[in-house]
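Comments concern the structure below.
Numbering (the working numbering), first residue to last: 12 to 337.
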């Protein structure tokens, strides 16, 4: 059987019509974990055929879930992902496919999550008993209120992982953490999905998504900026940028391995945790004379490093001496 395309200018169709969660839609939250019970495999519709949507679709398929439809702004991107995950139905009109899903995942850019959700709701796409999720790290589940008003349970399900093309992304999701925030029923479903994909679930209280996302920006985005600064300093020391990056990567990987093995704060090394004020003084002098544009960054990071060093056992007297320098 060929794939069915439900496009604006193509074959008109309604997709498979859904009822409730397959098998049963019992709210067992009253009796225990606050999840939705089902006896058959959930059927999943992915709205958004980009990197995150593709990785999640593959990971869910490999975990045994049936992907019943792929929707995207572009029929071509929807077709490609549908072909990749082995589903017959794809469309550039999400509301055509959404009713067939027990789980609907909006894997679209943060800025359009609310409008995409509202448009599907206006066109009657959502139904009672569905779980509707988005993958945004910054947005709460509340932005899916149009789906909730239609009777769906809403969920924010964010993978703490960088995702490239779908196959690599799906592999990376195994062992990764996912944060869950939303209706208790939907969080229970999300927890099961994450576990089935080989991930780990971390539940967030409502109202904490912005701080959570800021933390991830510091851990991932700012790390890249710090490496760029380190490569810039190496360039000032006469090392070409390409070689500089290659030189610091083993150091970075070693530090990450220390964090995995030793945790915080005991992974910290270097002059500050040793109380080596002389080396810090020399760094400040060289930066001031040769690359003053890096001085403020060094001071700011040094002051924060000092706090970590104190937790790791740095002597108070040495800490005060270094603090005065910074």
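The C-beta atom is built at its ideal place from N, Cα and C for all residues, glycine as well.
In this text the structure is predicted, and so the values were computed from the model without any measurement.
Can you tell me whether DSSP reads residue i as helix, strand or coil?
i, result
"residue 188", "strand"
"residue 131", "helix"
"residue 156", "helix"
"residue 63", "helix"
"residue 333", "helix"
"residue 283", "helix"
"residue 114", "strand"
"residue 177", "helix"
"residue 239", "helix"
"residue 276", "coil"
"residue 82", "strand"
"residue 326", "coil"
"residue 165", "strand"
Let's test the definition: count the other Cβ atoms within 10 Å of the Cβ of residue i and tell me whether it reaches 16, buried, or not, exposed.
i, result
"residue 316", "buried"
"residue 54", "buried"
"residue 303", "exposed"
"residue 326", "exposed"
Measuring straight from C-alpha to C-alpha, what distance separates residue i and residue j?
i, j, result
"residue 87", "residue 274", "46 Å"
"residue 164", "residue 106", "17 Å"
"residue 142", "residue 321", "46 Å"
"residue 103", "residue 185", "29 Å"
"residue 20", "residue 228", "Bear in mind that a pLDDT of 35 at residue 20, under 50, signals an unreliable position, so the number given afterwards is only what the model happens to contain. Taking the straight line joining both Cα atoms gives about 41 Å."
"residue 234", "residue 182", "23 Å"
"residue 189", "residue 293", "43 Å"
"residue 179", "residue 169", "17 Å"
"residue 288", "residue 149", "40 Å"
"residue 138", "residue 59", "19 Å"
Hey, could you find the ends of the beta strand (DSSP E) residue i is sitting in?
i, result
"residue 214", "211-214"
"residue 230", "That residue, residue 230, is in no beta strand (DSSP E); it is neither H nor E in DSSP."
"residue 142", "142-145"
"residue 207", "Where residue 207 is concerned, there is no enclosing beta strand (DSSP E), although the alpha helix (DSSP H) it sits in stretches over 195-207."
"residue 100", "100-102"
In the DSSP assignment, find the unbroken alpha helix (DSSP H) run with residue i in it and report its ends.
i, result
"residue 96", "86-96"
"residue 52", "Element bounds for residue 52: n/a, residue is neither H nor E."
"residue 272", "252-273"
"residue 76", "Counting along the chain, residue 76 falls outside any alpha helix (DSSP H), and DSSP gives it neither H nor E."
"residue 108", "105-108"
What ranges does the alpha helix (DSSP H) occupy inside the region 284-312, keeping only unbroken runs of at least 4 residues that lie completely in it?
288-301
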